[in-house]
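Taking the numbering used here, the leading residue of the sequence shown gets 199, the next gets one more, and so forth.
Right, one structure below, let's go through it.
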Amino acid sequence: MDDLIVAGNDSSAMSAFKEYLGHCFHIRDLGVLKYFLGVEVACSSEELFLSQHKYTLDIISEAGLLGSKPAAFPMEQNHTLALARGAEVRDPERYRRLVGRLIYLAFTRPNLAYLVHILAQFMQHPRQEHWDAALRVVRYLKGRPGQGILLTSASDLSLTAGVIWIELVAR
Numbered sequence: 199m200d201d202l203i204v205a206g207n208d209s210s211a212m213s214a215f216k217e218y219l220g221h222c223f224h225i226r227d228l229g230v231l232k233y234f235l236g237v238e239v240a241c242s243s244e245e246l247f248l249s250q251h252k253y254t255l256d257i258i259s260e261a262g263l264l265g266s267k268p269a270a271f272p273m274e275q276n277h278t279l280a281l282a283r284g285a286e287v288r289d290p291e292r293y294r295r296l297v298g299r300l301i302y303l304a305f306t307r308p309n310l311a312y313l314v315h316i317l318a319q320f321m322q323h324p325r326q327e328h329w330d331a332a333l334r335v336v337r338y339l340k341g342r343p344g345q346g347i348l349l350t351s352a353s354d355l356s357l358t359a360g361v362i363w364i365e366l367v368a369r
């Protein structure tokens, strides 16, 4: 079973495409998109809001910081992470997993892109300072778990999609 999102601004073309898929494969229309690959989607005729609220809470929980105080800022302004000489992290795989999850979270939280870029530089040999910095980002998220991207129809933003080919096994 594979999931597929059909999106567009021409409802008759979308219906024709779904009908065509229905002739070739056994499909089930799940209706309006609400949740896909950890991304929550809320839409109206005027706006589209993408967030990863549940995914963010999962990150906070996995890091063991549900009871911690939120951080006001995600990272120190003049950090010296590149010069860190502290002890290497005992479980570097845990650091890699956390940073990997933050990378995926940056999809709907572009304000994290720079921070995640910095943290990802130390995946090979993370030190305690790097782990502490990653946990600070998680504590920052704790204060704002529902943030996301709001796309409005009034904005100048345009979304252009390319054509992709998907091969499905016929019935």
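Glycine is no exception: its CB is placed at the ideal position from the N, C-alpha and C atoms.
Considering A240, what are the terminal residues of the alpha helix (DSSP H) in which it resides? Per DSSP, A240 belongs to no alpha helix (DSSP H); it is in the beta strand (DSSP E), 237 to 241.
Can you give the Cα-Cα distance for Q326 and L235, rounded to whole angstroms? Near 31 Å, if we compare the C-alpha coordinates of L235 and Q326.
Report the rounded CA-to-CA distance for T350 versus Y233, giving the unit in angstroms. One alpha carbon belongs to T350, the other to Y233, and they sit about 19 Å apart.
On a Cα-Cα basis, can you pick out the residue from P343, F223, E291, N276 that is closest to Q321? The question names Gln, but residue 321 in the sequence shown is Met. Checked all of P343, F223, E291, N276; the closest Cα to M321 is E291.
Closer than 6 Å by C-beta to I225: which residues in its own chain qualify, once you throw out the five before and the five after it? Chain order, please. Contacts found: L219.
Which residues does DSSP list as the beta-bridge partners of T350? Answer is E245, bridged to T350.
Rounded Cβ spacing between L231 and I203 (contact assumed at less than 8 Å): With 8 Å as the limit, L231 and I203 qualify as a contact, their Cβ atoms being about 6 Å apart.
Report buried or exposed for I347, applying the criterion of at least 16 other Cβ atoms within 10 angstroms of its Cβ. Flag for I347 reads exposed.
Between the segment 327 to 346 and the segment 308 to 319, do at least 3 Cβ pairs fall closer than 8 Å? They touch, by the three-pair rule.
For G344, which residues from the same chain have a beta carbon less than 8 Å from its beta carbon, with the 5 sequence-adjacent residues on both sides left out? In its chain, beyond the 5 residues on either side, S249, H251, T254 have a beta carbon closer than 8 Å to the beta carbon of G344.
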